[in-house]
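Just so you know, the protein sequences line up as chains A and B, in that order.
Sequential numbering from 2 applies to the first sequence in this note's numbering.
Sequential numbering from 5 applies to the second sequence in this note's numbering.
Even for Gly, the Cβ is constructed at its ideal location relative to N, Cα and C.
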Amino acid sequence: MSEYEREEPDVEGPRRQRQPAPEEPTGKFELPAELKAFEARLASLSPRAPRFDREALIYEAGRASVLAGSDGPMAGSRRWSRWGWPASFGSMTTVAAALLVVVLIRPEPPVLVKYVRITDNHAKPAERPDENLPSATPAENLPGEPATGVLVQEDTPIDSAPFDQRRFSILAAVLGHGGDSETAPQRRRQLEVLLAQGADVPFSMATPSADNGGSVHEAAPQPYWQLREQLLQ
Amino acid sequence: MNPVGPELLTRLLDEQGSALVLYARQWCQTPEDVVQEALLRLARQAVLPDNVVGWLYRVVRNGAISASRRASRRKRREAAVAHRGEPWFHASETARLDAEEATAALSELPIEQRETIVARLWGGMTFEEIAELTDSSTSSTHRWYQAGLSALQERLGVACPNTSEKNRT
Numbered sequence: 002m003s004e005y006e007r008e009e010p011d012v013e014g015p016r017r018q019r020q021p022a023p024e025e026p027t028g029k030f031e032l033p034a035e036l037k038a039f040e041a042r043l044a045s046l047s048p049r050a051p052r053f054d055r056e057a058l059i060y061e062a063g064r065a066s067v068l069a070g071s072d073g074p075m076a077g078s079r080r081w082s083r084w085g086w087p088a089s090f091g092s093m094t095t096v097a098a099a100l101l102v103v104v105l106i107r108p109e110p111p112v113l114v115k116y117v118r119i120t121d122n123h124a125k126p127a128e129r130p131d132e133n134l135p136s137a138t139p140a141e142n143l144p145g146e147p148a149t150g151v152l153v154q155e156d157t158p159i160d161s162a163p164f165d166q167r168r169f170s171i172l173a174a175v176l177g178h179g180g181d182s183e184t185a186p187q188r189r190r191q192l193e194v195l196l197a198q199g200a201d202v203p204f205s206m207a208t209p210s211a212d213n214g215g216s217v218h219e220a221a222p223q224p225y226w227q228l229r230e231q232l233l234q
Numbered sequence: 005m006n007p008v009g010p011e012l013l014t015r016l017l018d019e020q021g022s023a024l025v026l027y028a029r030q031w032c033q034t035p036e037d038v039v040q041e042a043l044l045r046l047a048r049q050a051v052l053p054d055n056v057v058g059w060l061y062r063v064v065r066n067g068a069i070s071a072s073r074r075a076s077r078r079k080r081r082e083a084a085v086a087h088r089g090e091p092w093f094h095a096s097e098t099a100r101l102d103a104e105e106a107t108a109a110l111s112e113l114p115i116e117q118r119e120t121i122v123a124r125l126w127g128g129m130t131f132e133e134i135a136e137l138t139d140s141s142t143s144s145t146h147r148w149y150q151a152g153l154s155a156l157q158e159r160l161g162v163a164c165p166n167t168s169e170k171n172r173t
C-alpha cells in the first residue's frame, strides 16, 4: 500500500463513501452536530471535472519521465552538456585572461653586457680573426639582438698612431731571421702589431725573399694589406 | 525506472483531478494548466514523494499562487478570480445543495477558509496535512474550517438539519 492510498475524511458523498473516514488524533477537533450535517451536505457536491485531455496528459507525463530519467543512457551526456562545457569554457577563459595579464605586466629582462676574451691559438691562420686589429664587431650587431656574450673591441685609430722607427727596425730584424717553429707565433703577433700601427707608410722596407731565404732586397712601397698578405704567406 | 507510471497517474487523475482543479481554482483562472504542470512535474521526479497527494497539493498551491500573481500583474483583477462564469461544482440530483449558490458562497470566504474547506472536504486531507500544506498549525486549520463551514451555512440559508427537513416537507 503506497502513501497515496490513505484515509479520507468522515463526510458523506458518493466518492467519500468508498473509503473509510479519517480519524483525527484527538477529539478536540470535533465539529458541532449542526455543522457536521452541513458538512455532509456540502460534501455531496462534486467538483467539475477537469477539462484537459487525459491521453495527452499521460503521454506528456511519460515523455517527461523519460527525458528526466537520471539513469538513462544519455543522462551523463546531458549532464556534461549542461555543466561540463560551460565549466570548461569558464576555466579556459580564466586561464587565458591570467596569461594575458602576466604577459602585459611582465618587466623587461635586464640587458647584461659581458666581455669575453677569446684566445684561440690553435685556429688556422686563414680563419683566425685579427685580434689586435681594429674590429668592426659592434657594427655587425643587429639592433635588438641580445648583448650578452658579444665580443667588444676598442677601435684603434690607425692614422693617429705614431710611426715607431724602433719597432720597424725590430720588424726588419725579425723578418731577416728565418726563425723556428717555436718563435713563429710570437713573430707573427709582433708583425701584426707593427703593421697595425702604420707599417704601410711609404718607406722602403726590407721583406724576406722566399727564394734566397733571408737576403734583403729593396722593394717598392706597398700598402698595408699587401704586406700583410705577403708576410702571412 | 521512473516510479511514476501511467497507472499511478491515471489513479491520481481519477481520484484527485477534480479536487486539485477546484483547489487551484481558489487562486487562479487557469486551474487545469496548473494541475497538468504539477502532474508533469511529478512524472519527472526520480524518487516518489513520501506523500504523493500532499506533494501534489503543495505544488498545485504554489503554481496557482504564481499564476495568480502573473495574472494580477497583467490585469490587476484579483477579485475576478473569485467567482465569475461557470460554477465550480456539478449540478447533480444527488447533491443536496445548489451548485451555483455553493460556488458563490464559497468564493466569498477568505482564502484560508476556502483553502481549508476544499482540501478537507474534496481533497480528503487531514488537518495535519492541511496545516503542513499551509504552513500553519493544526488548530488554526481547524478553526478556519469550522468558521468557514459556519459562514457557508449562514450564507446558504441552511440553519439545521431538522429545520431543513421541516421546510422540505
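{"query": "is_contact[Ser22/B, chain A] using C-beta, thresh 9 Å", "result": "yes"}
{"query": "Secondary structure of Phe53/A, DSSP reduced to three states", "result": "coil"}
{"query": "Chain B contact residues for Ser66/A, given Cβ-Cβ distances below 7 Å", "result": "Asn6, Val8, Ala47, Arg48"}
{"query": "Within-9 Å CB hit, Arg49/A to chain B", "result": "yes"}
{"query": "Of the residues Glu116/B, Ala151/B, Ala50/B, the one placed nearest Gln137/B, counting alpha carbons only", "result": "The sequence given here has Leu at residue 137/B, not Gln. Out of Glu116/B, Ala151/B, Ala50/B, Glu116/B has the C-alpha closest to the C-alpha of Leu137/B."}
{"query": "Closer than 8 Å: Arg15/B CB and nearest the ligand COA heavy atom", "result": "No copy of the ligand COA appears in this structure; indeed no ligand is present at all."}
{"query": "Segment limits, alpha helix (DSSP H) that includes Leu110/B", "result": "103-111"}
{"query": "Partner residues on chain A for Leu137/B, Cβ-Cβ distance less than 9 Å", "result": "Ordered by position in chain A, no residue passes the 9 Å Cβ test against Leu137/B, which lies about 14 Å from the chain."}
{"query": "Those residues which DSSP pairs with Pro48/A across a bridge", "result": "Phe93/B"}
{"query": "Touch test, the segment 21-33 of chain B against the segment 55-72 of chain B, Cβ-Cβ under 8 Å, three pairs minimum", "result": "yes"}
{"query": "At least three beta-carbon pairs within less than 8 Å, the segment 58-68 of chain A to the segment 106-125 of chain B", "result": "no"}
{"query": "Under 8 Å by beta carbon: chain B residues contacting Gly63/A", "result": "Pro10, Ala47"}
{"query": "Rounded separation between Gln33/B and Pro7/B - CA only", "result": "31 Å"}
{"query": "Under the three-state DSSP convention, the category Ser70/B falls into", "result": "helix"}
{"query": "The segment 141-150 of chain B / the segment 42-56 of chain A touching (three or more Cβ pairs under 8 Å)", "result": "no"}
{"query": "Cutoff 9 Å: Arg83/A Cβ touching any chain B Cβ", "result": "no"}
{"query": "Outcome for Glu176/B when other beta-carbon atoms lying within 10 angstroms are tallied against a minimum of 16", "result": "Outside the shown range of chain B (5 to 173) lies residue 176/B, about which nothing can therefore be said."}
{"query": "Trp226/A burial status per 10 Å Cβ neighbour count (16 or more: buried)", "result": "exposed"}
{"query": "Selection from Met129/B, Ser70/B, Ser154/B that minimises the alpha carbon distance to Leu113/B", "result": "Ser154/B"}
{"query": "For Thr34/B, the three-state DSSP class (helix, strand or coil)", "result": "coil"}
{"query": "Beta-carbon proximity check, Gln234/A vs Gln223/A, cutoff 9 Å", "result": "no"}
{"query": "DSSP-derived helix/strand/coil call for Gly96/A", "result": "The question names Gly, yet the displayed sequence has Val at residue 96/A. Residue state, collapsed to three classes: helix."}
{"query": "C-alpha gap between Ala88/A and Ala41/A, whole angstroms", "result": "60 Å"}
{"query": "Nearest-angstrom Cβ-Cβ length linking Pro51/A and Glu11/B, presumed shorter than 8 Å", "result": "Wrong, their Cβ atoms sit about 19 Å apart, outside the cutoff."}
{"query": "Contact set for Phe131/B: own chain, Cβ-Cβ below 8 Å, skip 5 residues either direction", "result": "Arg124, Thr142, Thr145, His146, Tyr149"}
{"query": "Nonlocal neighbours in the same chain, by C-beta distance under 8 Å from His94/B, ignoring five residues either side", "result": "Ala103"}
{"query": "Beta-carbon proximity list for Ala135/B, same chain, < 8 Å, skipping 5 on both sides", "result": "Ser141, Thr142, Ser144, Thr145"}
{"query": "Extent of the continuous alpha helix (DSSP H) to which Ala155/B belongs", "result": "142-160"}
{"query": "Selected residue, minimal CA-CA separation from Ala67/A, among Ala50/B, Ala42/B, Ala109/B, Leu60/B", "result": "Before going further, note that residue 67/A is Val rather than Ala in the sequence given. The shortest Cα separation from Val67/A among Ala50/B, Ala42/B, Ala109/B, Leu60/B belongs to Ala50/B."}
{"query": "Beta-carbon proximity list for Val212/B, same chain, < 8 Å, skipping 5 on both sides", "result": "No answer is possible for residue 212/B: the residues shown for chain B start at 5 and end at 173."}
{"query": "Residue burial classification, Gln30/B (beta-carbon count within 10 angstroms, cutoff 16)", "result": "buried"}
{"query": "Residues of the segment 127-158 of chain B with Cβ closer than 7 Å to any Cβ of chain A, in chain order", "result": "Gly128, Thr130, Phe131, His146, Gln150, Leu153, Ser154, Leu156, Gln157"}
{"query": "Three-state class that DSSP yields for Glu40/A in the structure shown", "result": "helix"}
{"query": "Beta-carbon gap between Ser72/B and Trp92/B smaller than 9 Å", "result": "no"}
{"query": "Which listed residue (Ala28/B, Pro53/B, Glu105/B) has its alpha carbon closest to that of Leu174/B", "result": "In the structure as shown, chain B begins at 5 and stops at 173. Residue 174/B is therefore absent and cannot be evaluated."}
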